[in-house]
Structures are given as structure tokens and as C-alpha cells.
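Down below is the structure, laid out as C-alpha cells.
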Amino acid sequence: MRANNVIGLIYSNAYDSAIPELTNLRTMGSVPFGGRYRMIDFALSNMVNCGIAKVGVATKSNYQSLMDHLGSGKPWDLSRKNDGMFILPPFSSSEGSMYSNRIEALRGSMRFISRSNQEYVVLCDCNVVANIDFDQIFKAHTDKKADITIAYAKGKKPSLSDLMTFDLADDGRISSIAVNTVSDEDENYSLNIFVLRKALLERLINEATSLHLDNFERDLFQRNVDSLRICGYEVTGFVRVLSSLQSYFDANMELLDTANRKALFPTDRPVFTKVRDEMPTIYGLGSCVKNSLIADGCSIEGTVENCILFRGVRIGKGAVVKNSIIMQGSYIGENSSLNCIVMDKSAVVKPSKTLSGDKSFPIYIGKEIII
Amino acid sequence: MARNTECIAMLLAGGQGSRLGILTKNIAKPAVPYGGKYRIIDFPLSNCVNSGIYTVGVLTQYQPLELNNYIGNGQPWDLDRENGGVHILSPYQQIKGTTWYKNTANAIYQNINFIDRYDPEYVAILSGDHIYKMDYSKMLAYHKEKNADCTIAMLEVPWEEAPRFGLMIVDDDNAITEFEEKPKNPRSNKASMGVYMFTWKKLRQYLLDDEADPDSGNDFGHDLIPAMHKAGERMFAYPFDGYWKDVGTIDSLWEANLDLLDPKVDLDLSDNSWKIYSRNNALPPHYISDDASVQNSMIAEGCQIEGNVDFSVLFANVTVEKGATVRDSIIMPGTVVKSGAVVQYAIVAENAVIEEGATVGERPESMQNIDDWGVSVIGEGVTVGKNSSVAPKAMIDENVAAL
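Chains as they are written, first to last, in this note's numbering: chain A, 400 to 770; chain B, 4 to 406.
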């Protein structure tokens, strides 16, 4: 199985409700992450880095910022005559409502999938931060003669609804699937990356339609765990699943560890994103920056410690910003002091204000809010 | 057949830039990195797009590989167009034989067919080695308003620097009455910026005449423009007020980079209404560690800074290790400055390695004889060995052994 025989399908809205603060105005796919990225960049880059040439991005709601980010797909080299990137907006007929679950969403994308020449499909969400070599998953899928391969990670399960956990046999086959387990132990939890033949996906969706089944995890996988050969593929290394504002905050902060950055941004598998042509960052006289990740276009005249600064952030003279995530285009006024803040895009803190959250409870400041 | 276009630009990018020494050993001068993420040619190309000129011919000759690769299909500058766009124009073989571009005017002459395809009324002739932001559409409007045949952009320079430039003497209406090429005792401080706007019909005729003249050196400044002046064509100077720098020498390249750190210098690259575009690498944001100290500097993406950086411009993917010091210097992409090394008053080209404890360059104030002082230059891919030192003003393009 070769990557050019695979189409990718990305769910930009999956788990939107996990971080309502950040997804109020956008999809999970367009949630900013790591100083210059949007969450969908990881899924898209993983796909194109292994040679997938056709990717559908399924959308449901609030997808304007996503479309603005994706454009024609050029930054991912997916603006092409043949194949390339396709945005799949929700299809709602006059009497029907918009889809409410994953099976319906898949059904909405079936025309796109069925009309493709590729033989395989890889499905993926946008709330996973990881640089994954999909070629290895495809290889495992072929080697193990699997019908379906699901990527998983080992550890404490993220608190997401309907998340699957697996028991695996020695040969890598998934022997049982549980949904919504309650456990403090380490588990094999699904990263919701699925590889299967297009024909099988079509069959499963048709079956679900005719039987009025509407639960993705239970009806597609749990129900077929014995009749189909479903295998697991363990993803090791730096993998973080966003499930709340706290986990978002923590995952960003973990990028201040050089080893984690090396794992997420290896030179041979870059993470692509929209280009904004900002100038490099300027450090003024009297600036003091420690242990921080800083994108292009910033202008820093104050103190910054343990922070992630997105593109075009300005930190005024005498301002002190610690343990915070400041998104694109925000401004921190002179002599202001911030600690443990997640500040959305284009927010403004006027001079001499003090804001503080806690590492275990970061405070969120909304987009374009002026304090 | 291409559609008629009012104004197209021809960008002279064939120069070797020999005064930049080892920095242009393998690349043409317009491809020399500048300002943390740009190359010199980004400025005229971005100026064209921002001015509404979407057809640009780039004339290359010397070491074109890197430049051609960089420009590609022009997409980073929005110059991948159905009609027009950016075109690389290299010398090509003709029935009469192959000729290199003899000089600037000859380079345009050899591409008359290219220009004719667009049937423009006006042609802007630009050079690929200046750093400036300029709205050519305003210059074009001025050219039309004056009903000129040739308009030359003009900058007032300090009198003491005037002898280095081609100067123009103008009347009250900015009509050019006389040219002076690098005079010892200048009568004017109005310098030509090497930016020309021509009415194409006129220029076309003068290019043909110039080529037919066996005594001509086929240069715009020395031959074609004086010929137009002599014939009494309508020639005007277009006053420009803003930052403009010819980065033709090591010192001026070093200065022009550090100018970006001076808030008083009138070159704002963060102005969203006049962006300078460049080809981007997919790199993560840069990281400043707990041990680092960064002051008054410009740092690009992908850098890993654990040492001291003061008054310097660092390009993408530069590593400054713990205990290393970089000050008053320009460090180009991919270079590593290892722990304990000191780099000062230097330009370090791409992918060089400054090993532990090595020193490059010297402060002017610690020189016994200031005439011996100058900016040190380390060439592309050079390794400066452990504990070795590179003298001020030195140009190093071979590895320096460790001590």
C-alpha cells in the first residue's frame, strides 16, 4: 500500500466542545497552537509528508477561520490540478438538519470518498498534537493484514467523551474495545486515526444506514471487533491530545522543552502552516526573555518568561509576562503584569494592569477583548 | 499572445557583486540574505507587486542557480500569474551565435521580444541590489504628468557622500539639465537611485541605436541615458524621500542589516500595507532559553538561543550555544555558534560552524590601529576551529584549524 493510493479525511470539528473557550468562534482545526500553527496543520502535514495527495477537510460549523487558514491548500502543496485539498462543507437538505454525529458526517463525505481513485482511506481528527510517520502505519496495516488499523497511545486517557480504549493481543490485533471507561490506570486510548480500505468503509456506512445505527465507536468498531481484523498501531514519542483548556495550556508549555520540540518538528518532516510574511522578531533595549518560544513579527520591550508568543505580539516596556500563551496580534501595555493567561487573538491589555491565573487554572481572555 | 499591459518591470539581477567577496562566490548579489529572513531581491519584487506591476522580467547571468531556485514560479510574491508574472530571462542562443549580456542596456536589448509580447506603454528598469520601499505607481504617475520620456528616481544624499554617486543637476521643474558621474567636486547632492521609468517606444528606439553603435559600452548610466539627454528627450528626476541603501560592499551590507535595529531609521518592515514578501521555510518559532540574554536584536524562526546576543541580526535556524556571545554581527541561516565562542563585528554566511572558544572579529575600540579594523566575514559552510581566532577585516572561505 502506497501513500498515493490513500485519501485523507480530516474532521475539523471533532471534539469542538472539549475546549469551548477556544472553539466558540472557530473549529478545533483552526485552534492556534505552538506559536504559529493551527491544530489542523499537524494532521495535514502528517498526511502530505508521507505522500498523500488528496485530502478532504470535513467541516460542520464555525469554519470561516478554517477556510481562511487553509486557502487553496498551497502551504501544504495541496493546491493541484489533480487531487489536492477539498473542503467539504456540511450538506443539509431543506427538510433535514445538519449532521449530529460522526456516522452522518461520514455519510456526508461519502460522495467525495467514493469518487476518488484511491483504494484506501485514512480518517483523522484535529485535536492530536503529534508528528506521526503515516508510512509506518500503512506498513503495519499491510504487514498485519489488517482490515482496519487504529493508531493509539499508551497512558492516562484524555477526558473526552466516547473515547475508545483497547485491549490488544500479542499480534497487535485489538481483542476488545471499551468506550468511556472509568479508570486511573494507564490505558491504550484511541488517537482516532483510522486506516481502512475505501470499499470497507463504504460497506460499514451503508450497513449503519440500513440498520439505523448512529454511534461511530460502538456500531462501527466495537460491534465488529470479532468479525473484522482490527489492529492497533502504537504511536510513541511526543503525543498530546487536547481535551480541555488545561490540557491545551499544558501541551503548549511542554514545547518549551527542547526534546519535545525536536520530536514535534523534526527537520525531515516539517509542519507546514499558512505563510504570513511577518518580519523577524525585534528585541528592544531592556527586553529580558527567558525560556520562551517566540514566533515571527513580535516586538518585545518587556520581560517574558516561560511563554509562547504567537506572531505579531507586542510586549510594552516594563511589562512582565510569565507562564502565558499570547496569541497572534495581541498587545500587552507598558508595566502590565500577566501570569498564567491564555490570551486569544488581537486582545489588548492596557498599561499597568495586573492579571493572574494559576498553572492549574489558566485564565482565558477572549478574542479582541480590551482590558 | 500576452494581453497588453500598461507597465512592466525589468529587474537587472545579473551582477556578480564582486565587492561582497566570498559572500557572492556561489550566488548572485540579489540572492544575498538580508534582514533576518529576506534576500535583497525581495525588495524590488515586493515593491513591484505592491505598486501593481505584475509582469516582471528578472535578468540573470552570474551564478543564476540559487536565484532561479529562489524565485521559482514567483508564488511567494504573488507573481504566479496567468497573464504576466515573474519570468527569469537568461542569455540564450540565437542564429548569430550566443552572446552574454554585455552590459545593462544590452541585457534589455536582448529581451526586446519579451517586452514586445506585453506591448507595454512604459517599462520600469530596476536593479536587484538595493534595499528600499518605493511605490513605482507614484513614479509612473509622475512620469505621465511630466509627459516624460525617461524619469530617474532621485535621492538627496549627504554632500560628503555625493562623490560616490551618479548625480543629476535639475531645474525648478525637476527636469534634468546635466549628469555628473562620481565627480570629485560635486555640484549637486541629488543622486540617481538606479530606478528608471521609460516610455517604451522611446527606450526601444534608443536600445536599437545603442546596439548599432560600435563605440557604445551598452550601459544605461554611461551610454544610453547620456545619448537620450544629448538628443534633448524629456528627462525628469523623481524625488524620493525614504530609506535607500546600495548594499554593494561588506560594510554597507553590515550597516544596512543593523539599520533595522535602529528605530530612527525609516525602514519599517512590519508595515502591513507595504509588506516585503519572501520565500518561507516551514520552521517552528525560535526558542530563547533560561541561560540566554537577548538585547536589541532581530531573530528569525527556527533559532535556538542559549547564549548572549546583543545588537545582531540572526537568520533562520541559527544556534547560539550556552556561554557563546554574538554582538554587532549578522549571522546567516543554519550557522552554529558553539559554547564559549565570541563573534563580534562580523558577517557569518550560511551553515558555518564557529567551534568552542573560537573568536571572530574585534571591537574597533580595542584596536591599536583603527585602519586595521573592519568587519570580519566567514564564508558559507566554513568551520572555524576550536579556540582559533579570525582577525578583523579578514575574509575566510576555508576552514580554520583548531588550536
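Idealized CB from N, CA, C, for every residue including glycine.
| query | result |
| --- | --- |
| The stretch 685-716 of chain A: positions lying closer than 7 Å to chain B by Cβ | S686, V688, K689, N690, S691, L692, I693, A694, D695 and G696 |
| is_contact[I291(B), chain A] using C-beta, thresh 8 Å | yes |
| Classification of L504(A) by the beta-carbon crowding that lies within 10 angstroms, buried from 16 upward | One point to set straight first is that residue 504(A) is Ala, not Leu, in the sequence displayed. A504(A) comes out buried. |
| Min CB distance N402(B) to chain A below 8 Å | no |
| Residues from the stretch 269-282 of chain B in contact with chain A, defined by Cβ distance under 8 Å | L272, S273, K278, I279, Y280 and S281 |
| Length at least 4, wholly inside the stretch 528-579 of chain A: the alpha helix (DSSP H) runs in chain order | 533-542 |
| Members of the stretch 531-542 of chain A that neighbour chain B once the beta carbon cut-off is set at 8 Å | none |
| Separation of T635(A) from Y348(B), as counted between CA atoms | 45 Å |
| Cross-chain neighbours of G364(B) in chain A, by beta carbon under 8 Å | Near G364(B) there are no residues of chain A at all, since even the closest Cβ is about 21 Å away, more than 8 Å. |
| Under 8 Å between C-beta atoms of I418(A) and S560(A) | no |
| Inside the stretch 52-108 of chain B only - beta strand (DSSP E) runs reaching at least 3 residues | 58-62 and 88-92 |
| Range covered by the beta strand (DSSP E) that runs through R596(A) | E586 to R596 |
| C-alpha gap between M742(A) and G683(A), whole angstroms | 22 Å |
| Beta carbon proximity, M509(A) to chain B, threshold 8 Å | no |
| 7 Å CB neighbourhood of S574(A) in its chain, flanking five on each side removed | D566, L567 and A568 |
| Reduced DSSP category for W810(A) - H, G, I as helix; E, B as strand; rest coil | Because chain A is modelled from 400 through 770, residue 810(A) falls outside the range shown and cannot be assessed. |
| Reduced DSSP secondary structure (H/G/I, E/B, other) of E494(A) | Reliability fails at E494(A), whose pLDDT of 48 lies under 50, so the model's placement of it is uncertain and the value that follows must be treated cautiously. E494(A): coil per DSSP, three-state reduction. |
| DSSP-derived helix/strand/coil call for M301(B) | strand |
| Exposed unless 16 or more other CB atoms sit within 10 angstroms - verdict on G495(A) | In this prediction, G495(A) scores a pLDDT of 49, lower than 50, which makes its location untrustworthy; the coordinate-derived value is nonetheless stated afterwards. Answer is exposed; the Cβ neighbour count stays below 16. |
| Boundaries (first-last residue) of the beta strand (DSSP E) holding F671(A) | Counting along the chain, F671(A) falls outside any beta strand (DSSP E), and DSSP gives it neither H nor E. |
| Where V297(B) meets chain A, residues with beta-carbon distance less than 9 Å | Y682, S686, C687, V688 and I699 |
| Check whether Y139(B) and S54(B) have beta carbons under 8 Å apart | yes |
| Host alpha helix (DSSP H) of W203(B) (start-end) | W203 to A215 |
| Chain-order list of residues whose beta-carbon lies under 6 Å from that of C687(A) (same chain, five-residue window excluded) | T702 |
| Amino acids of chain A, ordered along the chain, whose beta-carbon sits closer than 7 Å to that of K325(B) | Here the premise fails: no neighbours, minimum Cβ distance about 12 Å. |
| Those residues which DSSP pairs with W257(B) across a bridge | W257(B) pairs with nothing; no bridge assigned. |
| Rounded Cβ spacing between I98(B) and Q66(B) (contact assumed at less than 8 Å) | No, I98(B) and Q66(B) are not in contact; Cβ-Cβ is about 27 Å, not under 8 Å. |
| Inter-residue spacing [alpha-carbon to alpha-carbon] between A12(B) and V61(B) | 9 Å |
| Of the listed residues L421(A), M438(A), I409(A) and N412(A), nearest to V670(A) (C-alpha basis) | M438(A) |
| DSSP bridge partner residues for G631(A) (one or two, in chain order) | I549(A) |
| Contact check, I333(B) vs N260(B), beta carbons under 8 Å | yes |
| Beta-carbon neighbours of I44(B), restricted to chain A and to distances below 9 Å | What I44(B) touches in chain A: nothing, since even the nearest Cβ is about 15 Å away. |
| Within-8 Å CB hit, K40(B) to chain D | As a matter of chain content, chain D is missing from the structure shown, whose protein chains are A and B. |
| Residues sharing a beta bridge with E181(B), DSSP | I172(B) |
| Contact belief for V521(A) with V640(A) at Cβ below 8 Å, rounded distance in angstroms | So it is not a contact: roughly 18 Å between Cβ atoms. |
| Which of helix, strand or coil DSSP assigns to F760(A) | strand |
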